[in-house]
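Heads up, the thing below is written out as C-alpha cells.
2 protein chains.
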Amino acid sequence: MKKSKPTMQDIAKAAGVSKATVSMVLNKKDDCISEGTRARILAIADELNYIPNSIARSLSTNKSGTIGIMLPDITNPFFSQIARAVEDAASDYDYNVIFCNMDNDIAKEVKYTKLLVSKLVDGVIFVTGGRSPESVKILENNHIPFVFVDRHVQGFEHYSGVYCLNKDGSYEGVKYLYKKGKRKIAFVTGDKTLSISKLRLEGFMESAMELGIYREDWVFYSDFTIEGGRRITEKVVATCDEIDTIFYSNDLMAIGGMRTLRAAGIRVPDDVGVMGYDDIAISGMMNPALTTIHQPIYDMGIQSCRLLVKHIRGQLKKQKIIRYAPEILERQSI
Amino acid sequence: MKKSKPTMQDIAKAAGVSKATVSMVLNKKDDCISEGTRARILAIADELNYIPNSIARSLSTNKSGTIGIMLPDITNPFFSQIARAVEDAASDYDYNVIFCNMDNDIAKEVKYTKLLVSKLVDGVIFVTGGRSPESVKILENNHIPFVFVDRHVQGFEHYSGVYCLNKDGSYEGVKYLYKKGKRKIAFVTGDKTLSISKLRLEGFMESAMELGIYREDWVFYSDFTIEGGRRITEKVVATCDEIDTIFYSNDLMAIGGMRTLRAAGIRVPDDVGVMGYDDIAISGMMNPALTTIHQPIYDMGIQSCRLLVKHIRGQLKKQKIIRYAPEILERQSI
DNA sequence: CTGAAAGCGCTTACAG
DNA sequence: CTGAAAGCGCTTACAG
C-alpha cells in the first residue's frame, strides 16, 4: 500500500544500486550487468508491481510509442475496419493508437493534428481526404511520418500511401453490369471534393462512354452515408423511372438506397439492380445480399501501419505507394 | 527552417524573458504578466509555429490529457458507437483517446492495462466484461479512475458505470412477443461469462416462466457476432421446427441469424419472427427491418465519459451508477 | 560491472 | 511584474 507509483529510484534504493543500473536491466540492455544484480532488480521490480513511466521515458528518448489515426468517423464500418487493422498491427510493434474523428471538418483536423504533434506521436495514419493540406504540412514541418490510406490529400499524391485502384473498380463494375444486360445505369457518387469520388466517377464515365450507355443526367451526387443513400435514392426514383440499375459508389449509400427502394415498392434486383462499392462486413448480410466491388480493407490497414513503422524506423529511404486491385463480388442485388 | 521543434526556451530567448514567464502566458495563467510581454511572447510563439511538448508537461503535472477505452472489438457497431461518443465527449474536455481491442482475451487486457498505466492515462472507459478482475485491480492500485459501460466486471458491481437495464429488456421483450401471439420462443444468449448474457437470459426466463411458455431446450448459447448468429441458427433450425420466434440477445446475432434462415428458405416474419437486442445503426436497414430492444448507445457513451471526467477532476466523492431503461422498438421482423 | 551527472521540456512554488 | 531554481522519472554517454 504505497501512496504513489514506485519509480526506478525506489527499485534502485531497495536493490542498493543506481537507477542507471535499474534502467539498463529493465530495458534489456544488460549485457554487462552481473547476473546477481539483474536477478535482484527484477525480483524487486516484480514485487513492487513496477510499471515504468513511459512519459518520462518519452521525454528522454523523444519517442512516444503511440501513433495516431485520423479518420472521418469510427462509426462507419469501412473506417472501423481500417482502425482495427491498424491497431492490430501497431500492437505487434508495441504502439498504442489514438483515434480522431474528423467529420470532414478542417478545423477539427487541424486542431487534432496539433494535439497529436504535441503528444509527440511517432507517426500518423491519415484516412481523410481533407480538402486542405494544412494538417499534412504541420506533420511534415514537425518531421512526423504519415501514410495515407484509401484517399490522399490533394498535392501529396506521391507520398506514402495504401490504395485500392478506384478508377478500375467502377470501370470494371460497369462492364460487369453491361454483361449482365444492364443498359440504363444511374451512378451515385460521393463528396465531390474527395479524390475517391472523382476517381470512381471517372471510371464509371469512361466505361459507360465506351459502351455507349453514358447519360449525364443519370449521375447523382450525395455523401457516403446511409442517410445520403436514402436521400439521393428518393431523387433518383422521382426523376428517372426508366433506369434498370443504380451503381452507388459505396456500400453504405447502397444499403440506404435499398431501404428507400423497398419503401417505394421497387424490388431489388427484379425491378432495379443495385451495385455497391467497398464490401464492408455487413453487405453480405443484406437481403438481397449486396453485389459490390470488393476492397481488401483489413489488409490495407495492416499494410499502412507496417509502412508507417518502417518510416518511423527510418528503414525507408523514399516514399512508397502500395496499390491493390479491386474485385467484383457477385451476390444477389443484380 | 529550424532543424527541430521550437521549445519554450527558444521563445524565451527571442522575447528576452525567462521560460517561466513564457509558460505562464501560454497557459493563460498570466494575470500578472504585463500586456507588452504577453503580446510579444504570443507573437513569437505564433511566428515560430510553436506547439507545446505535452509530454514534458505531463511529466511535471503528472497528467497526460489522454484517456483509454478498452473494448472487445472496434469493428462491432455497438462498440464503435460507444467509442465515437466517448471520443466526442473527451474532445470537448480536450482529452485524446487511445483505444484497445481486447477480443475477450485476458492476457491482452492485462497487457493493455499496463500500457495505459505506463502512459499515465488520466482515466479509462471499460467496456469489456472481462472474467478477470485483474486489469481493474491494476487500475485501482495505480489510482486511475475508470468507469464501466454496458457490462461490469464481476465483483465490481458498485463501481461507477453506465448501464441499460438488461434484465428488463428481455423481460419486456418476451411480454411483447406474447402479446403478438408468440408462444414458442427460442432464446439465443451470448458468451456465458458476461454479465449481460446472464442478465438477459434471466429476464427471458423469468418472463417466459410467468407466461408459462418457458422451455429449457429452447435456450441456446453462442457468441455475440454475426458468425455466432449464423452458426447457432443452423442448430436452432435443425433441432426444433416448431418454434415461432427466435429472440437473439444482440442484433449482430439476429442479423446473422436472418441470413441463415433466409438460406434455409424460412421466411421472416411469416414463418418465424426474429427479435434482436441493442438497436445498432444498421438494424433498421435490414429486410425485414429488425424489431429489437433499443438501447441509447451513443448517450451511454457520452455519459460514461462525463462521469469519468468528474472522477478525474475529483468532483465525485463516491461511485455513481447511471441506469437507462431499454425500449422495445417495433419494426418488421415480428 | 556499476555509478555520477547531465539532459529531455515543461511547471511551480518562492524570491525579489 | 518577472526570474532563478528545483523537480517530474527516465536515458545515455562517460568514467572508473
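Here the protein sequences come in this chain order: R and P. Going by the UniProt record's numbering, the residue at position 3 of the first sequence is 3; the numbering climbs one at a time, nothing skipped. Going by the UniProt record's numbering, the residue at position 194 of the second sequence is 194; the numbering climbs one at a time, nothing skipped. Just so you know, even glycine gets a beta-carbon here, dropped at the ideal spot from N, CA and C.
The Cβ-Cβ distance between P/Arg200 and P/Ser170 falls below 7 Å. Between the alpha carbons of P/His143 and R/Ile255 lies a distance of about 46 Å. Sequence-ordered contacts of the stretch 258-269 of chain P with chain R read Arg259 and Arg262 [C-beta pairs closer than 7 Å].
With a threshold of 7 Å between beta carbons, P/Ala45 makes no contact with chain R. The three-state secondary structure of R/Leu252, taken from DSSP, is helix.
Across the stretch 66-84 of chain R, CB contacts with chain P closer than 8 Å involve Thr66, Asp73, Ile74, Thr75, Pro77, Ser80, Gln81, Ala83 and Arg84, in sequence order along the chain. In the structure shown, R/Leu26 falls within a helical segment according to DSSP collapsed to helix, strand and coil.
Between P/Val237 and P/Ala264 a beta carbon distance of about 5 Å is seen, short of the 8 Å cut, so the two are scored as contacting.
Contact with chain R is found for P/Ser58, since one of that chain's Cβ atoms lies less than 7 Å from the residue's Cβ. Inclusion of P/Val147 and P/Leu307 in the CB contact set at 7 Å is warranted, their separation being smaller than that value.
At a cut-off of 7 Å between C-beta atoms, R/Val117 counts as an interface residue with respect to chain P. Going by DSSP, R/Asn96 is part of the beta strand (DSSP E) stretching over Asn96 to Asn101.
When rounded, the separation of the alpha-carbon atoms in R/Phe99 and P/Phe99 is 7 Å.
Listed by position along chain R, the residues whose Cβ is nearer than 9 Å to that of P/Pro133 form an empty set, because the closest Cβ is around 15 Å away. Below the 8 Å Cβ cutoff, chain R contributes Met285 as neighbours of P/Gly256, in chain order. Check the Cα spacing between R/Ala281 and each of R/Lys13, R/Asn76 and R/Ala90: the tightest is with R/Asn76. Listed in chain order, the alpha helix (DSSP H) elements of length 4 or more contained wholly in the stretch 94-167 of chain P are 106-118 and 134-141. Going by DSSP, R/Phe224 is part of no beta strand (DSSP E) at all; its letter is neither H nor E.
Restricting attention to R/Lys63, R/Asp270 and R/Arg230, the CA atom closest to the CA of R/Ile55 is found in R/Lys63. With a cutoff of 7 Å on beta-carbon distance, P/Ser118 and R/Pro133 are scored as not near each other.
The Cβ atoms of R/Ser222 and R/Val268 lie no closer than 7 Å to each other. Here P/Asp279 is buried: its Cβ has 16 or more other Cβ atoms, across all protein chains shown, within 10 Å. A straight line joining the alpha-carbon of R/Glu172 with that of R/Tyr298 spans about 22 Å.
Shortest Cα-Cα distance from P/Val25 to any of P/Ile125, P/Lys13 and P/Arg40 involves P/Arg40.
What P/Ser333 touches in chain R, judged by beta-carbon distance under 8 Å, is nothing: the nearest beta carbon there is about 11 Å away.
For R/Ile280, no Cβ of chain P is located within less than 7 Å of the residue's own Cβ. The Cβ-Cβ distance between P/Pro145 and P/His294 does not fall below 7 Å.
For R/Ser54, at least one C-beta of chain P is nearer than 7 Å to its own C-beta.
Every unbroken stretch of the beta strand (DSSP E) spanning 3 or more residues and falling wholly within the stretch 244-321 of chain P is given here in chain order: 245-248, 273-275 and 292-294.
Three or more beta-carbon pairs separated by less than 8 Å are not found between the stretch 149-161 of chain P and the stretch 175-188 of chain P, which leaves the two stretches without contact.
Nearest CB-CB separation between P/Glu227 and chain R: not below the 7 Å threshold. Taking P/Leu120 as reference, the option from P/Val97, P/Asn101 and P/Thr128 with the minimal CA-CA separation is P/Val97. The straight-line gap separating the alpha-carbon atoms of P/Gly229 and R/Ala289 is approximately 17 Å.
Judged by their CB atoms, R/Thr113 and R/Ile138 are nearer to each other than the 7 Å cut-off.
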